[in-house]
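A.B. asks: Dropping the structure in here first, questions after.
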Amino acid sequence: MSLLDLSRWQFAITVIFHMTFPAITVGLSIFLCVVYGLYWRTGKPVYLQMFRFWRRIFAVGFAIGVVAGIVITFEMGLNWGPYAAQTGPIVAPIIGMEVVTAFSVEAGFIGVLLYGDGRVRKGTLFAATVMVSIGTILSSTWIIAANSWMQTPSGFALHDGQFQPTNWVDAIFNPSFLWRWPHMVLGVLISAGFFIAGIGAYYLVKGRALQFARRSVSIALGVAAILLPAQVFMGDQVAGHVFPAQLSKAEAAEGNWTTPNTGWVLFAIPDQQAERNIAELSIPCVGSAFYGDLSCKTANPPLDLTPTADRPDMAAVFWGFRAMFFAALWMFGTLFYATILRFRRKLWTSRRFHKYLLWTTPAGIVAVLGGWVLAETGRQPWVVFGLLRTSAAVSHLASGEILFSVLGFSLLYLVMLVAYIVYIVRSLRIGPERDHPDYVDRPADSDTTQVPSRSPDRIVPALASEEGLS
Amino acid sequence: MSFIWFFLILLCLLMYVVLDGYDLGVGVATLFERDRRHRREMLEQVAQAWDGNETWIILLVVSLWAGFPLAFGTMLPHTYLPLIVLLFSFIVRGISVEMASQAPPAVGWERAFGIASLTAALAQGVAVGTLTMNLTVVGGAFSGSAFGAISWYSVLTAAAVTCGYMALGYAYLKWKATGELRARAGRRGVVLAGLAAVLTVACLVAVNGTAAPLNLHSPGRAIGFAGLLLFAVVGVMMTLVTLRRASRYDGLPLAGLTIAAVAVIIALVVARYPVLAPPDLTIANTAAPQNTLIFLIVGIGLNVPLILFYNWFAHHTFRGKLDSGSGGRDLPNPGLRSHL
Chain A
1 MSLLDLSRWQ FAITVIFHMT FPAITVGLSI FLCVVYGLYW RTGKPVYLQM
51 FRFWRRIFAV GFAIGVVAGI VITFEMGLNW GPYAAQTGPI VAPIIGMEVV
101 TAFSVEAGFI GVLLYGDGRV RKGTLFAATV MVSIGTILSS TWIIAANSWM
151 QTPSGFALHD GQFQPTNWVD AIFNPSFLWR WPHMVLGVLI SAGFFIAGIG
201 AYYLVKGRAL QFARRSVSIA LGVAAILLPA QVFMGDQVAG HVFPAQLSKA
251 EAAEGNWTTP NTGWVLFAIP DQQAERNIAE LSIPCVGSAF YGDLSCKTAN
301 PPLDLTPTAD RPDMAAVFWG FRAMFFAALW MFGTLFYATI LRFRRKLWTS
351 RRFHKYLLWT TPAGIVAVLG GWVLAETGRQ PWVVFGLLRT SAAVSHLASG
401 EILFSVLGFS LLYLVMLVAY IVYIVRSLRI GPERDHPDYV DRPADSDTTQ
451 VPSRSPDRIV PALASEEGLS
Chain B
1001 MSFIWFFLIL LCLLMYVVLD GYDLGVGVAT LFERDRRHRR EMLEQVAQAW
1051 DGNETWIILL VVSLWAGFPL AFGTMLPHTY LPLIVLLFSF IVRGISVEMA
1101 SQAPPAVGWE RAFGIASLTA ALAQGVAVGT LTMNLTVVGG AFSGSAFGAI
1151 SWYSVLTAAA VTCGYMALGY AYLKWKATGE LRARAGRRGV VLAGLAAVLT
1201 VACLVAVNGT AAPLNLHSPG RAIGFAGLLL FAVVGVMMTL VTLRRASRYD
1251 GLPLAGLTIA AVAVIIALVV ARYPVLAPPD LTIANTAAPQ NTLIFLIVGI
1301 GLNVPLILFY NWFAHHTFRG KLDSGSGGRD LPNPGLRSHL
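Protein chains in written order, with our numbering: chain A, 1 to 470; chain B, 1001 to 1340.
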């Protein structure tokens, strides 16, 4: 493995790990706004309970997302020094805008959001929550602008190998940004929807905190059901606008090597050296249909149209795309069924659906990560598409240094991921009962003795008796 | 143009050192705190603020990248190892502080938080030291070796930075805590502030033996440097005198240390300007083009007052002394209070 490969692996590991958390927390922050806003306006205790419970899941995920994001910023200079020096005049100011308009806003108000309950007025807490979610949306805006510039660079001139801005509007609102940004925002909102619905379903299955669980699942699935059709349309638009600009990415994503294929490759094990698929399963005519041609005549272009030195690794691009696509189909089917159940008033009685819903918790995250693998590996071997090769952008470090950092990050991230999952499971088991404003503390901790001892693992009767959505 | 941007980067550095300085210092101090209740109080102080405080190092890094891309692309590989250790520390620190705060009791996470705070402070000190070693740059790209940047001087700066942060941390606790924790912060703060002052003087003397000696050849620089050091001495004296006192002005030690830290950093800038890193990376020969700098000054520069406001807002919301009686914040989580 070369130094380039090590640095690429390090970036892949750190960026995929990082992206997992915004895929949860961007949507969750907006969810927190909604439920706290509802609590502020209606005063219903269940909304405060929802706010407190989901805030606990949000807090740790947000912190991991922040520190893992800091790592990415440093890595641009640490592992990709020549890239930083050459693209700095354009990419860095855009990331800088992210820091001042998003990161700092989130950081400034997260303390109030997490620790302000009971210490500040409701209006202040709501405002802080809104500011945090505005920050998360703005953050994704600038990051997509910077990444889209690397996909479809514009508004620049090259001087001594350095990309220098000539037109900032063109550079920021570059051709792919306008399509990729809504695609990304919808993606993270839907993934948070499935995350919330999946965890909420746990309480439906267990028959605990039903009012809390039903409202959480109802909001999450409802929003996702509205957004997913829009996302399918946006995804198609992104493909329509990005693929013509990056033919090599489109060719690799479709999984064909030499012959144009009117079919659609469902499954393939590509062999980059031999330039063929070791195994392949293709559905006839569907590839043509994706281009809007139902007569089975329009073919997907094969990868051999791109010179060998300019080809991305097909396996990564193909499977990134398929992961996103299959996850989207899976979510679409789930939401379709959930909507039918809702209209037939069976959403809260179908226990099998609740059990199934548990398993869909990571569906959206899988789609978001798959999409990023497609976008990033599909751009290879370029870091700025068509202009700067990844191999020319890597820092000349000692192999020991990179090994140390790759292994360190891998180990730390593995530990953190396990810790976060354990934390979620633990919070899940303890449950949202203790977050209800009427919940009475265990007598050992307080001097209220009129209520008998109540284990937090048991249902709070007042909550369990409430039926359905009022 | 690049001159204006350089001062914004300097502002980020000063804000970072003071704000994250106290918060890393409080973290290190948890390692030397036996009383669990006090340890939690200290951790909760950091939990409310670390995110906002760390904004400044991100802004520092991105501003350096945007304004001086050639310096950024070579200085970071040059200080690779200490910066990687710093990132590891930030990761462990960020997760452990939230875990310990959200899901108590978490003795292991508390310990991890303290250790990561210590390694973060040490790594920053080592990184500062590496900037006194010559950068090997070939064709605009870094091409040095892994350990080439680390020298005995880094050991000295690591000790100075860590002691300085700990002194800031204790001064902060003196300001925010009450009772025994406040008294102990005063006693320990005196020792660390004195130690930090001695180590800083040692750094300033020894730096002339490295590749980045102080340039005090013109009278303007010499006078500015001496004047700023005088400020630093006054700041340290103020801290040493007020730390032990049981006065109403518990904020004074922190104010004194802030003055001292700011004065020392500006004095170093006066003595090194316009060199960013030895041998010859300067503000002029690494600056981004005009178009970038204008965008930065307008887009980012105008946002800086807002960030200062957010920092103020966050600290203002949780102003005042911690209440030791109920174990710190009025926590919404009833489970937590039972463990305090």
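We treat Cβ as the ideally placed atom computed from N, Cα and C, and that holds for glycine.
Just so it is clear, the structure is predicted and the values come from calculations on it, not from any experiment.
Please name the residue in L1281(B), I1294(B), L1199(B) and A1197(B) whose C-alpha comes closest to that of T166(A).
C.D. replies: Nearest of L1281(B), I1294(B), L1199(B) and A1197(B) to T166(A), Cα basis: I1294(B).
A.B. asks: Check for me: the alpha helix (DSSP H) holding L387(A) runs from which residue to which?
C.D. replies: That residue, L387(A), is in no alpha helix (DSSP H); it is neither H nor E in DSSP.
A.B. asks: Determine, using beta-carbon pairs with one atom in the region 223–230 of chain A and one in the region 379–393 of chain A, whether at least three such pairs fall under 8 Å.
C.D. replies: With a cut-off of 8 Å, the region 379–393 of chain A and the region 223–230 of chain A do not count as touching, because too few Cβ pairs lie within range.
A.B. asks: Curious, which full-length beta strand (DSSP E) runs of at least 3 residues does the region 1252–1322 of chain B contain?
C.D. replies: Correct list: 1275–1277.
A.B. asks: What are the boundary residues of the alpha helix (DSSP H) that H183(A) is part of?
C.D. replies: Unbroken alpha helix (DSSP H) run through H183(A): F177 to K206.
A.B. asks: Out of V286(A), K297(A), A398(A) and Q272(A), which one is the CA nearest neighbour of R310(A)?
C.D. replies: One detail in the question is off: residue 310(A) reads as Asp in this sequence, not Arg. Measuring from the Cα of D310(A), the nearest candidate turns out to be Q272(A).
A.B. asks: Hey, how far is the Cα of G483(A) from the Cα of L1276(B)?
C.D. replies: The first residue shown for chain A is 1 and the last is 470, placing residue 483(A) beyond what the model contains.
A.B. asks: Reducing DSSP to helix, strand and coil, say where T449(A) ends up.
C.D. replies: The predicted model places T449(A) with a pLDDT of 37, which falls under 50 and marks its position as unreliable, so this point remains unresolved.
A.B. asks: Taking the alpha-carbon positions, what's the L305(A) to S405(A) distance?
C.D. replies: Answer to the nearest angstrom: the Cα atoms are 38 Å apart.
A.B. asks: Taking the alpha-carbon positions, what's the H1339(B) to E1054(B) distance?
C.D. replies: Interpretation of H1339(B) is limited by its pLDDT of 32, a score under 50 that renders its predicted location unreliable; the figure taken from the coordinates is listed afterwards. C-alpha separation (whole angstroms): 29 Å.
A.B. asks: What does L1296(B) reach in chain A if we use C-beta pairs closer than 8 Å?
C.D. replies: By Cβ distance, chain A contributes P93 and G96.
A.B. asks: Quick one: list the residues of chain A neighbouring N1291(B), beta-carbon separation under 8 Å, in chain order.
C.D. replies: Neighbours of N1291(B) on chain A, chain order: P89, Q164, P165, T166 and W168.
A.B. asks: Expressed to the nearest angstrom, what Euclidean distance is found between the alpha-carbon atoms of F62(A) and L113(A)?
C.D. replies: One C-alpha to the other measures close to 12 Å.
A.B. asks: Just reading off the alpha helix (DSSP H) that E1044(B) is part of, what are its end residues?
C.D. replies: Where E1044(B) is concerned, the enclosing alpha helix (DSSP H) stretches over R1036 to G1067.
A.B. asks: Among V1155(B), A1267(B), E1110(B) and E1180(B), which has the Cα closest to the Cα of L1014(B)?
C.D. replies: If we check each option's Cα against that of L1014(B), A1267(B) comes out closest.
A.B. asks: Can the beta-carbon of E98(A) be found closer than 8 Å to that of W168(A)?
C.D. replies: Contact flag unset, no.
A.B. asks: Can the beta-carbon of L1043(B) be found less than 8 Å from the beta-carbon of F1113(B)?
C.D. replies: It is a contact, given that the beta carbons lie within the stated cut-off.
A.B. asks: Residues in its own chain within less than 6 Å of L138(A) by CB, not counting five upstream and five downstream?
C.D. replies: The answer, listed in chain order, is T101 and A102.
A.B. asks: According to the Cβ coordinates, are T1157(B) and V1198(B) closer than 8 Å?
C.D. replies: Result no, Cβ atoms of T1157(B) and V1198(B) do not sit closer than 8 Å.
A.B. asks: Distance cutoff 8 Å, beta carbons only. Does E1054(B) sit that close to anything in chain A?
C.D. replies: So yes, E1054(B) belongs to the interface.
A.B. asks: Mark I421(A) as exposed unless 16 or more other C-beta atoms lie within 10 angstroms of its C-beta, in which case mark it buried.
C.D. replies: Exposed is the call here.
A.B. asks: Go to F163(A), then tell me how far its beta strand (DSSP E) extends in each direction, as first and last residue.
C.D. replies: Note, F163(A): beta strand (DSSP E), Q162 to P165.
A.B. asks: Between P1343(B) and chain A, is the shortest Cβ-Cβ distance under 8 Å, so that the two count as touching?
C.D. replies: With chain B running from 1001 to 1340 in the structure shown, residue 1343(B) is simply not present.
A.B. asks: For the region 1097–1117 of chain B, list every residue whose C-beta sits within 7 Å of some C-beta in chain A, in sequence order.
C.D. replies: Residues passing the 7 Å Cβ filter: E1098, M1099, Q1102 and A1103.
A.B. asks: Out of curiosity, what's the CA-to-CA distance linking A1260(B) and A1211(B)?
C.D. replies: Approximately 25 Å between the Cα atoms of the pair.
A.B. asks: Taking T509(A) and S288(A) to be in contact with their CB atoms under 8 Å, please state how far apart those CB atoms are, rounded to whole angstroms.
C.D. replies: A question about residue 509(A) goes unanswered here, because the residues of chain A that appear run from 1 up to 470.
A.B. asks: With 8 Å set as the bound, which would you pick, yes or no: does the beta-carbon of R429(A) sit closer than that to a beta-carbon of chain B?
C.D. replies: R429(A) does not count as touching chain B.
A.B. asks: From N1208(B) to M1133(B), what does the alpha carbon distance come to, in whole angstroms?
C.D. replies: Taking the straight line from one Cα to the other gives about 12 Å.
A.B. asks: Could you run through the region 50–64 of chain A and flag, in chain order, every residue whose CB is less than 7 Å away from some CB of chain B?
C.D. replies: Taking 7 Å as the Cβ-Cβ cut-off against chain B, the residues of the region 50–64 of chain A that qualify are R52, R56, A59, V60, A63 and I64.
A.B. asks: With DSSP collapsed to three states, give me the class of S282(A).
C.D. replies: S282(A): strand per DSSP, three-state reduction.
A.B. asks: Is F318(A) a contact residue of the ligand HEM, with contact defined as CB to any heavy atom under 7 Å?
C.D. replies: With respect to the ligand HEM, the structure offers nothing, as it holds no ligand at all.
A.B. asks: State the beta-bridge partners of N300(A) as determined by DSSP.
C.D. replies: In DSSP, N300(A) forms a bridge with N261(A).
A.B. asks: Mind checking whether I196(A) and F318(A) have CB atoms under 8 Å apart?
C.D. replies: No, these two residues do not count as a Cβ contact at 8 Å.
A.B. asks: Measuring straight from C-alpha to C-alpha, what distance separates L1195(B) and A1171(B)?
C.D. replies: Each residue's alpha carbon lies about 14 Å from the other.
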